[in-house]
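Colleague: The structure's right below; bear with me while I get my questions together.
There are 6 protein chains.
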Amino acid sequence: MSTVVPPEDPESDPRVKAVFDDIRAVRGNDFVNNVWRYLAFDPRLLEEVWTSVRDVMAKPTLIDFKTKEMIYVAVSIANSCHYCVHSHTAAAKARGMTDAEHAELLQIVSTAARTNHLLNGIQPPLDDAFNASPE
Amino acid sequence: MSTVVPPEDPESDPRVKAVFDDIRAVRGNDFVNNVWRYLAFDPRLLEEVWTSVRDVMAKPTLIDFKTKEMIYVAVSIANSCHYCVHSHTAAAKARGMTDAEHAELLQIVSTAARTNHLLNGIQPPLDDAFNASPE
Amino acid sequence: MSTVVPPEDPESDPRVKAVFDDIRAVRGNDFVNNVWRYLAFDPRLLEEVWTSVRDVMAKPTLIDFKTKEMIYVAVSIANSCHYCVHSHTAAAKARGMTDAEHAELLQIVSTAARTNHLLNGIQPPLDDAFNASPE
Amino acid sequence: MSTVVPPEDPESDPRVKAVFDDIRAVRGNDFVNNVWRYLAFDPRLLEEVWTSVRDVMAKPTLIDFKTKEMIYVAVSIANSCHYCVHSHTAAAKARGMTDAEHAELLQIVSTAARTNHLLNGIQPPLDDAFNASPE
Amino acid sequence: MSTVVPPEDPESDPRVKAVFDDIRAVRGNDFVNNVWRYLAFDPRLLEEVWTSVRDVMAKPTLIDFKTKEMIYVAVSIANSCHYCVHSHTAAAKARGMTDAEHAELLQIVSTAARTNHLLNGIQPPLDDAFNASPE
Amino acid sequence: MSTVVPPEDPESDPRVKAVFDDIRAVRGNDFVNNVWRYLAFDPRLLEEVWTSVRDVMAKPTLIDFKTKEMIYVAVSIANSCHYCVHSHTAAAKARGMTDAEHAELLQIVSTAARTNHLLNGIQPPLDDAFNASPE
Numbered sequence: 005m006s007t008v009v010p011p012e013d014p015e016s017d018p019r020v021k022a023v024f025d026d027i028r029a030v031r032g033n034d035f036v037n038n039v040w041r042y043l044a045f046d047p048r049l050l051e052e053v054w055t056s057v058r059d060v061m062a063k064p065t066l067i068d069f070k071t072k073e074m075i076y077v078a079v080s081i082a083n084s085c086h087y088c089v090h091s092h093t094a095a096a097k098a099r100g101m102t103d104a105e106h107a108e109l110l111q112i113v114s115t116a117a118r119t120n121h122l123l124n125g126i127q128p129p130l131d132d133a134f135n136a137s138p139e
Numbered sequence: 005m006s007t008v009v010p011p012e013d014p015e016s017d018p019r020v021k022a023v024f025d026d027i028r029a030v031r032g033n034d035f036v037n038n039v040w041r042y043l044a045f046d047p048r049l050l051e052e053v054w055t056s057v058r059d060v061m062a063k064p065t066l067i068d069f070k071t072k073e074m075i076y077v078a079v080s081i082a083n084s085c086h087y088c089v090h091s092h093t094a095a096a097k098a099r100g101m102t103d104a105e106h107a108e109l110l111q112i113v114s115t116a117a118r119t120n121h122l123l124n125g126i127q128p129p130l131d132d133a134f135n136a137s138p139e
Numbered sequence: 005m006s007t008v009v010p011p012e013d014p015e016s017d018p019r020v021k022a023v024f025d026d027i028r029a030v031r032g033n034d035f036v037n038n039v040w041r042y043l044a045f046d047p048r049l050l051e052e053v054w055t056s057v058r059d060v061m062a063k064p065t066l067i068d069f070k071t072k073e074m075i076y077v078a079v080s081i082a083n084s085c086h087y088c089v090h091s092h093t094a095a096a097k098a099r100g101m102t103d104a105e106h107a108e109l110l111q112i113v114s115t116a117a118r119t120n121h122l123l124n125g126i127q128p129p130l131d132d133a134f135n136a137s138p139e
Numbered sequence: 005m006s007t008v009v010p011p012e013d014p015e016s017d018p019r020v021k022a023v024f025d026d027i028r029a030v031r032g033n034d035f036v037n038n039v040w041r042y043l044a045f046d047p048r049l050l051e052e053v054w055t056s057v058r059d060v061m062a063k064p065t066l067i068d069f070k071t072k073e074m075i076y077v078a079v080s081i082a083n084s085c086h087y088c089v090h091s092h093t094a095a096a097k098a099r100g101m102t103d104a105e106h107a108e109l110l111q112i113v114s115t116a117a118r119t120n121h122l123l124n125g126i127q128p129p130l131d132d133a134f135n136a137s138p139e
Numbered sequence: 005m006s007t008v009v010p011p012e013d014p015e016s017d018p019r020v021k022a023v024f025d026d027i028r029a030v031r032g033n034d035f036v037n038n039v040w041r042y043l044a045f046d047p048r049l050l051e052e053v054w055t056s057v058r059d060v061m062a063k064p065t066l067i068d069f070k071t072k073e074m075i076y077v078a079v080s081i082a083n084s085c086h087y088c089v090h091s092h093t094a095a096a097k098a099r100g101m102t103d104a105e106h107a108e109l110l111q112i113v114s115t116a117a118r119t120n121h122l123l124n125g126i127q128p129p130l131d132d133a134f135n136a137s138p139e
Numbered sequence: 005m006s007t008v009v010p011p012e013d014p015e016s017d018p019r020v021k022a023v024f025d026d027i028r029a030v031r032g033n034d035f036v037n038n039v040w041r042y043l044a045f046d047p048r049l050l051e052e053v054w055t056s057v058r059d060v061m062a063k064p065t066l067i068d069f070k071t072k073e074m075i076y077v078a079v080s081i082a083n084s085c086h087y088c089v090h091s092h093t094a095a096a097k098a099r100g101m102t103d104a105e106h107a108e109l110l111q112i113v114s115t116a117a118r119t120n121h122l123l124n125g126i127q128p129p130l131d132d133a134f135n136a137s138p139e
């Protein structure tokens, strides 16, 4: 069940086909998962989202691929995006995340959530030592 | 402004003193930041929170210290914990996070948040390929 | 699967019947969706929730019906309420939201989420120009 | 700094005065805190919000006053509403919440947040035993 | 569908068996629900999470068992953890929560959420009267 | 207090100057608010964020400018981004939002939040009528 109608033959639209071709090329396999198939209901939005995700997640940057996917999973858990947790956990595993690293990621995320709630409940003043800005 | 009264002389309580001593020993300096000074209003809660945070964040584990702090920052941003964002960004910098890595972390977190909201809005079905469980 | 037991014959309770009749009258059709059928487990809560939703969403006010439903969808996405996203996206479409407007709504929501996370990560000081209050 | 301009002389509007009088009568003292002073920028919204909060929080119901305020604090922490955490923690204390109960509340809230994130990360299937509904 | 593979024969691991035995002993029945069966993918994480949840939720403390489960449900709703809402609503009912108390809990939680969003939108200044700390 | 150091003389960097010039040109005035001054700590991130926000919010699209800012405020409230609530409420007012429309926006947002929490607590099954997808 979704809120948009995915096109039946998405690649008949050349803009969609170009994105799907790029997805397959970047990943080196033929799997185009549902997020892209459903986003194809609006080719311009599909292009924009794919480009921005690809540029940070699928290209070499300062942070290694596995770590980037683990950070992505962490945010997706906190935002309760079920699809994103599933797809980026799978991506992190494809980038080499072991079960032991997965368990440690979950431990960090859930410990952070715990202190996030604790401090939102206590609201201590910020220590001056934390200020990066001159103001 | 906070919701609890931090004790005026926290280290007069031996349980608080033991935690503060451990904080200083683990960090190798004398700075005890406000979260611990305010949590000292309940020594048992202070002990429990410090122990669980220390065990995953301050001890060597599979994931390196800098990455752990960056994941902690990511979760704290998503949960809108201002104190936590400040304290763990400072910790990540102390563990070696450069400005360029900080910018990349923010880019990953904000891109993840973008697709989290997009997919919570579209709600595409989960791809079978993402299922780790046999069920 | 739900956490409450919806009554088998909800309209045998006159308070529930009155709400269901009002739902049908306001909408001009016979469809009473699950939120109301499940809320009927507590007739007083049903009455209160229906009244407050109806007064702002189903009566003419300053903001037009389609826009009100689009704002409702935006909040429901951010709060990860799957049922609400589905029901209010359907309502927005019933009020005339086109696929292109839906795509633009999703673009605004996801761009806002992106900068929400970015600024919760940076925490710049508020500009004085934004203050509406004299304080 | 706020996003609305509170009226300078709010009680010159009889609808605002009626609400403020009711607040003082219900509480048995003269303190009208900022949330109501700022909501007075729109008397109809002020009336509606005060009425719905008063009916559940300030009138005797099944759940005792102290517990109701503690639940309110729990939700406000999870939603990162700083003003609400402060005002309802103060209200819970006024209703008799001790420091030890406050510490236990924070422990429950932060433990719940921890498992919330853990399970949003693992996404185990729901046990049939949890289904209240016949469907 | 889950992100981890639950072990097929979890109790063949003595650490997992010890936790499952403790779960059954504490609850006085044989039901081990999915959260623990899936967490068994990492015995150390299983031990730590069970211990911390058990110590606050399953042992006698200042706040009674039913109220503790209701607070847990409130936080789980706000954090959109579906599994947690289901499991802790079931636990609250097992501790004696009636349908009328459940309805009142939902009314408090949803009223709190309403004012949380209202005040995050208005951002009135904090009243000095709310400050617990001398600073 | 912020987590990054804003450059002292940001426009000495030609990439930053180009963005600031574009901000001033698009807005038709000289005010460059703090979000851009702080994002200037990383010129590439500044360029990317400005471009994507500008394209949807500052260019004519299907949805009118005032409504777009009101949707942006709604999401920012739900995500507890204080800076964003302030800056986009100011922008909505600059686009013509009246106090009465602001009050109605807050009423819609807070009513949505209320039912979001109510339904996350009840978790009724989705009605088939809401499915846009053939699956």
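Residue numbers (this note's numbering), protein chains in the order written: chain A, 5 to 139; chain B, 5 to 139; chain C, 5 to 139; chain D, 5 to 139; chain E, 5 to 139; chain F, 5 to 139. Backbone N, C-alpha and C define an ideal beta-carbon position, used for all residues, glycine too.
#1: Looking at A/Ala133: is its Cβ nearer than 8 angstroms to the Cβ of F/Ser6?
#2: If I follow the unbroken alpha helix (DSSP H) through F/Ser114, where does it start and stop?
#3: Should C/Val113 and B/His121 be called a contact, given that it needs their Cβ atoms to be closer than 8 angstroms?
#4: Determine whether the beta carbon atoms of D/Leu50 and D/Val23 lie at a separation below 8 angstroms.
#5: Using only alpha-carbon positions, find the residue among D/Ala44, D/Pro128, D/Asp26 that is nearest to E/Cys85.
#6: Would you check if the distance between the CB atom of B/Val36 and the CB atom of B/Arg48 is smaller than 8 angstroms?
#7: My output table needs one value for A/Glu73: the three-state DSSP class, helix, strand or coil.
#8: Tell me which residues share the same chain as D/Phe4 and place their Cβ nearer than 6 angstroms to its Cβ, disregarding the 5 neighbours each side in the sequence.
#9: Using CA atoms only, rank isn't needed, just tell me which of B/Gly125, B/Leu123, B/Ala116, B/Asp46 is closest to A/Arg58.
#10: Please check if any C-beta of chain E sits within less than 8 angstroms of the C-beta of B/Asn120.
#11: Could you check what DSSP says for A/Phe24 in three-state terms: helix, strand or coil?
#12: For F/Thr65, would you say it is in contact with chain E, using Cβ-to-Cβ distances shorter than 8 angstroms as the test?
#13: Three-state secondary structure (DSSP) at A/Lys63?
#14: Taking Cβ positions, are F/Asn124 and E/Ile126 nearer each other than 8 angstroms?
#15: Spatial neighbours of A/Val20 within its chain, please: CB distance less than 8 angstroms, with the 5 preceding and 5 following residues excluded, ordered by chain position.
#16: Any beta-carbon of chain F closer than 8 angstroms to the one on D/Met5?
#17: When you compare the CB of A/His86 with every CB in chain D, is at least one pair closer than 8 angstroms?
#18: Give a yes or no on whether the C-beta atoms belonging to B/Tyr87 and A/Leu130 are separated by under 8 angstroms.
#19: I need the DSSP call for D/Pro129, collapsed to helix, strand or coil.
#20: Going along chain B, which residues have a C-beta under 7 angstroms from C/Thr71?
#21: So, does the CB of F/Asp131 fall closer than 8 angstroms to a CB anywhere in chain D?
#22: Taking 8 angstroms as the threshold (C-beta atoms), are B/Glu52 and A/Leu66 in contact?
#23: What does a CB cutoff of less than 6 angstroms around E/Asn93 pick up in its chain, not counting 5 residues either side in sequence?
#24: Are the Cβ atoms of B/Met74 and B/Ala96 separated by less than 8 angstroms?
#25: Pop quiz: D/Val79 and F/His106 are said to be a contact at Cβ under 8 angstroms. What is the actual Cβ separation, rounded to whole angstroms?
#26: By the 10 Å Cβ neighbour count, where 16 or more other Cβ atoms means buried, how is F/Asn83 classified, buried or exposed?
#27: Pull up the distance between the alpha-carbon of C/Trp40 and that of C/Thr71, whole angstroms please.
#28: By the DSSP assignment, the alpha helix (DSSP H) with C/Cys85 in it spans what residues?
#29: Where does B/Val9 sit, in a helix, a strand or coil, going by DSSP?
#30: Quick one, which residues of the region 36 to 61 of chain D are near chain F if we go by CB-CB under 7 angstroms, in chain order?
#31: Say whether chain A places a C-beta atom closer than 8 angstroms to the C-beta of F/Phe134.
#32: Express the C-alpha separation of E/Gln111 and A/Lys63 in angstroms, rounding to a whole number.
#33: Count the other CB atoms, across all protein chains shown, that sit within 10 Å of the CB of E/Thr55; report buried if there are 16 or more and exposed otherwise.
#34: Helix, strand or coil, according to DSSP, for F/Asn38 in the structure here?
Modeller: So, from the data block:
#1: no
#2: 103 to 126
#3: yes
#4: yes
#5: D/Pro128
#6: no
#7: helix
#8: Nothing about residue 4 of chain D can be reported from this structure: the residues present for chain D run from 5 to 139 only.
#9: B/Ala116
#10: no
#11: helix
#12: no
#13: coil
#14: no
#15: Pro11, Pro14, Ala44, Pro47, Leu50
#16: yes
#17: yes
#18: yes
#19: coil
#20: Those within 7 angstroms of C/Thr71 in chain B number zero; the least Cβ separation is about 16 angstroms.
#21: no
#22: no
#23: Looking at the sequence shown, residue 93 of chain E is not Asn but Thr. Counting only Cβ-Cβ distances below 6 angstroms, and skipping sequence neighbours, we find Val77.
#24: yes
#25: Their Cβ separation, rounded to whole angstroms, is 24 angstroms, which puts D/Val79 and F/His106 out of contact at 8 angstroms.
#26: buried
#27: 23 angstroms
#28: Counting along the chain, C/Cys85 falls outside any alpha helix (DSSP H), and DSSP gives it neither H nor E.
#29: coil
#30: Phe45, Asp46, Leu49
#31: yes
#32: 48 angstroms
#33: exposed
#34: helix
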